[in-house]
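In what follows, a structure is listed as structure tokens, so that the remarks can point back to it.
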Ligand code: SF4
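Numbering (our numbering), first residue to last: 125 to 616.
If you want it as structure tokens, here you go:
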């Protein structure tokens, strides 16, 4: 049993924002931090935000960073800098009514400062406004003269010219008008958060707030039963809109208990039927489609990285830059070889990626992928950028055959739990090809591994380890496609 005291709790801007998402989230964060599960996507988002913030600082070389060994020291240092000659200030730390904030950028203006919050998103989001309102209110209470409150977000039309020139990466959106009313609500937000923290755990049911604006790190505590891999909850119905929630409201926790007439969509009926019987279904049409594909067949898969801050000249923020491909080549039924490309991480990977791919896949034979829009888009982007390679790349695009719609239309296994992703389909067809024994086991991990390869300080031994793990992962993806195609062709 926890006994939250009635003492006033220290509040920061991020704690107020947690409270605005869900009072229970703040309460748990403070009183039951042991229940928190921070997933990799939260951590990656945090890392990106930190890097983008540091880059924004570099655009103002005459700026001063408020480091401060402690937050108290940072508040004192901020006051000292504000009392001196005006210059850009990074991480200015201010406090009012027990609420502490750190401002990403304070930029000198004629009659005061522009207060700028730096965000790694590509537009101003609603939740940024509450963030800016809190910053602005604390500045106002500290008698700091602000000429504007702004959100600096990434401009996704920016094209990196190279040589470390990031002028133009950020778009500065003035939100002073938008937050002028909201700012007055901040004292109530502080009071409400204090009341929550002084009370017992709030009784709040899981709902839309659990994913908005960010996935809550206490979801496993609040909803321990929602993993679709446990049984057959209504959520396994694909693209179900509000149907799963409606079925739950009607008391159905297991899809198999739902009466058939409650499901009008044919695909939902199929998933329901197969979940009930426990028997996979494969239509003979899948075999016909695959059997008609001529040889040689090229099974390909790409890995990409999409840094918020572009790394290579000619790329844009968040652009998907391909750095690796794998290709299994089937020259006749069962006669298979493998080829691969992996960039070294030290220079722009795009041209060597495209040239080696063109050479490997030649000019004839189907180019087989799983989820074609991804590979097709990357190839078209390369064709648009390297005009001399465009004819070969566009000819290859015309040869693409997508296994995903064939699987979606003609195959389902109860263990797929409503998903036709390659990671869901493969274990039902080739359980020996699991991913869980790989050091790099999914696309997100591949991006992280390549980002580490790109770091000049990565040691040779580690570099080799990452290189091998990436090759193995991408090869597994195309081998998986071979096995799926064979399974379909052979009719199981
Ligand atoms: S999981 Fe949902 S209900 Fe639970 S604390 Fe988080 S936001 Fe609140």
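Heads up, the beta-carbon is just placed ideally off N, CA and C, and yes, glycines get one too.
Given the structure is predicted, the values throughout are model-derived calculations rather than measurements.
Query	Result
Under 7 Å between C-beta atoms of residue 464 and residue 473	no
CB of residue 248 within 7 Å of CB of residue 180, strictly	no
7 Å Cβ cutoff met for residue 507 and residue 499	no
Whole-angstrom C-beta distance between residue 599 and residue 341, which should lie under 8 Å	Not confirmed; about 34 Å, so no contact.
Contacting residues, own chain, Cβ-Cβ under 6 Å from residue 272 (five flanking each side not counted)	238, 298 and 300
Continuous alpha helix (DSSP H) stretch holding residue 449: start and end	Counting along the chain, residue 449 falls outside any alpha helix (DSSP H), though it belongs to the beta strand (DSSP E) covering 445-456.
Extent of the continuous beta strand (DSSP E) to which residue 272 belongs	270-278
Within 7 Å, strictly: CB atoms of residue 261 and residue 140	no
Candidates 588, 543, 149 and 143: closest to residue 394 by CA position	543
Residue 582 in three-state terms, based on DSSP	coil
Residue 194, buried or exposed, once every other Cβ within 10 Å from all chains shown has been counted against 16	exposed
Coarse secondary structure for residue 224, derived from DSSP in three states	strand
Residue ranges of each alpha helix (DSSP H) within the stretch 343-388, 4 or longer	343-346 and 367-373
Neighbourhood of residue 330 by C-beta distance below 6 Å, restricted to the same chain and skipping five residues each side	346 and 347
Integer-rounded CB distance, given that residue 282 should sit under 8 Å from residue 293	5 Å
Three-pair Cβ contact test at 8 Å for the stretch 415-432 versus the stretch 452-461	yes
Rounded C-alpha distance that separates residue 437 from residue 277	20 Å
Local Cβ density within 10 Å of residue 274, reported as buried at 16 or more and exposed below that	buried
Residue environment, residue 388, which counts as buried when at least 16 other CB atoms sit within 10 Å	exposed
Within 7 Å, strictly: CB atoms of residue 427 and residue 448	yes
Where the beta strand (DSSP E) through residue 426 begins and ends	421-429
Contact under 7 Å by Cβ, residue 133 with residue 321	yes
Residue 297: first and last residue of the uninterrupted beta strand (DSSP E) it sits in	294-298
Range covered by the beta strand (DSSP E) that runs through residue 324	Careful: residue 324 lies outside any beta strand (DSSP E) and carries neither H nor E.
Separation of residue 433 from residue 106, as counted between CA atoms	No statement about residue 106 is possible, as the shown extent of the chain runs from 125 to 616 and does not include it.
Cβ-heavy atom distance, residue 658 to the ligand SF4, below 6 Å	A query on residue 658 cannot be resolved here, the shown segment of the chain reaching from 125 to 616 and no further.
Exposure label - residue 458; buried when at least 16 CB within 10 Å	exposed
Proximity below 7 Å, CB of residue 484 to CB of residue 284	no
Reference residue 417, options 527, 358 and 232, closest by Cα	527
Best match in 225, 177 and 587 for proximity to residue 198 [C-alpha to C-alpha]	225
Straight-line gap, residue 462 to residue 503 (C-alpha atoms, nearest Å)	20 Å
Where the beta strand (DSSP E) through residue 484 begins and ends	That residue, residue 484, is in no beta strand (DSSP E); its alpha helix (DSSP H) goes 474-485.
Cα-Cα separation, residue 573 to residue 469	10 Å
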